[in-house]
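Just add 1346 to the spot in the sequence shown (first one is 1) and you have my numbering.
Yeah, the Cβ is synthetic: ideal placement off N, Cα and C, and Gly gets one too.
This report refers to the structure that appears directly beneath it.
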Amino acid sequence: MARVLCSPGKLVHNTSPFSTTPKPENGESPPFNFVINEDGKRKSAEQYIKSVKDQLTAEDKTVIPEGALQVIGAEYDAVLKEIVEMKDKYLRSVAETENVRKRGMRLTEDAKIFAIQGFCKDLLEVADILNLAIDACPKDKVDTDKNVKQLHDGITMTKTVLLKTFAKHGLVPINPQGAKFDPSIHEAVFQVPKEYAKVGADHIDQVAKIGYSLHGRPIRAAQVGVVASD
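Below, the structure is given as structure tokens:
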């Protein structure tokens, strides 16, 4: 930082121009007020130097050499530039810290999902067996045979409780009946001729086994029959 040397005879004011001491009770002149902000905006070097000169009235005996004012202006600009750079670095650091925090939270959630994914896949086999057991109960027997009806109702209740437990942990079934075939979440196990299909080409006409997703992430593709393309 540059240093300005002034002759002792030119600086005779008895109060420091940068003092923040309240106005003396003996009537001496008040301290100068060299603020760098005005109306919420930062002053430029020219505006700052002008405010310094304006406060040095004719009665004021303090004389600041013009060279000193130029040095003050240059230092003022350098300080403002450094403030802008430091503020920019601070904002970038805050943004990066927030990104790291969000990334860490996302990785933690993904780790939790991955930890139970294998267990969930195994439970899906249980749900499949329950579906087969319900479908295996003859409808006429369910309506007429008390024992068959009790068995059917018991299996149905078990399936209902199991699906509620699945949903509680973010595991939900995906039944793509009638949807457009998507190889990323559907597995085509057979093709349906157009003349026998109830939907358009490249759409799913039958679902052999429903799929499942865990917190929005597919963990088992639905096995489907797709209508042949044109």
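Between ILE1550 and GLN1523 a beta carbon distance of about 6 Å is seen, short of the 8 Å cut, so the two are scored as contacting. With contacts defined as CB atoms closer than 8 Å, GLN1569 and VAL1535 qualify as a contacting pair.
When secondary structure is reduced to three states using DSSP, VAL1545 falls in the coil class, being assigned neither helix nor strand. According to DSSP, GLU1533 shares a beta bridge with GLN1569.
Under the 10 Å beta carbon count, TYR1542 is surrounded by fewer than 16 other beta carbons and is classified as exposed. ALA1567 sits close to HIS1532, with the two beta carbons spaced by under 8 Å.
Non-local beta-carbon contacts of ALA1554 in its own chain, meaning distances under 6 Å to residues more than five positions away in sequence, involve VAL1535 and GLN1569 in chain order. Within the same chain, ILE1520, ARG1566, ALA1567 and ALA1568 come within 6 Å of GLY1557 by CB-CB distance, once the 5 residues on both sides are set aside.
Contact check for SER1530 against ALA1547 fails: the beta carbons are separated by 8 Å or more. Spatial neighbours of LEU1560 in its own chain (CB-CB distance under 7 Å, excluding positions within 5 residues in sequence) are listed in chain order as ILE1459, GLN1463, CYS1466, GLY1516 and LEU1517. Counting along the chain, LYS1555 sits inside the beta strand (DSSP E) bounded by residues 1550-1555.
With 16 or more other Cβ atoms inside 10 Å of its own Cβ, TYR1394 counts as buried. Around LEU1476, the same chain offers ILE1501, THR1504, LYS1505 and LEU1508 as residues with beta carbons nearer than 8 Å, after the five sequence neighbours per side are excluded. Under the three-state reduction of DSSP output, LYS1387 falls in the strand class. Boundaries of the beta strand (DSSP E) around PRO1519: 1517-1520.
One Cα belongs to LEU1478, the other to GLU1471, and the distance between them is close to 11 Å.
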